[in-house]
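K.L.:
Sharing a structure below in structure tokens format, with a few things to ask.
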Amino acid sequence: MKVDANPMQKAHAAPRCTATSKRSGQRCKAPAVRGWAVCRMHGARGGHGSGKANPAYKHGLRSREFVEMRKAINEIVREEKEIEELIG
Numbered sequence: 001m002k003v004d005a006n007p008m009q010k011a012h013a014a015p016r017c018t019a020t021s022k023r024s025g026q027r028c029k030a031p032a033v034r035g036w037a038v039c040r041m042h043g044a045r046g047g048h049g050s051g052k053a054n055p056a057y058k059h060g061l062r063s064r065e066f067v068e069m070r071k072a073i074n075e076i077v078r079e080e081k082e083i084e085e086l087i088g
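Right, here's the structure in full:
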């Protein structure tokens, strides 16, 4: 029998997902994504990245860069107030 006789033979022989069910403890039977141990339903290839590339990104007011900038500005304002108290 030829190996190429059944076009689905490669799909049936693909490695399977290693995720297990919490309820029954059985393994997932979906084929794993190439290069991953799990299928697409269990986290292979992940989602969107962080930052402006993420579609849920709104404004960046809580982003790391903005928080660091606000801390630096607040520190400058505190120093200015201390200088004003010393002078005035």
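Per the UniProt record's numbering, residue 1 is the first one in the sequence shown, and the count goes up by one each step.
We treat Cβ as the ideally placed atom computed from N, Cα and C, and that holds for glycine.
(1) Which stretch, first to last residue, makes up the alpha helix (DSSP H) that contains Leu86?
(2) Could you tell me which of Ala56, Ala30, Gly51 and Glu79 sits nearest to Ala44, measuring between CA atoms?
(3) What three-state label does DSSP hand Arg40 in the structure shown?
(4) Candidates Ala32, Ser21 and Arg23: which alpha carbon is nearest Ala11's?
(5) What residue range does the alpha helix (DSSP H) around Gln9 cover?
P.N.:
Let me spell this out:
(1) First-last of the alpha helix (DSSP H) with Leu86: Arg64 to Ile87.
(2) Ranked by Cα distance from Ala44, the options Ala56, Ala30, Gly51 and Glu79 are led by Ala30.
(3) Helix at Arg40.
(4) Of the candidates Ala32, Ser21 and Arg23, the one whose C-alpha sits nearest the C-alpha of Ala11 is Ala32.
(5) Membership of Gln9 in the alpha helix (DSSP H) is indicated by the continuous run Gln9 to His12.
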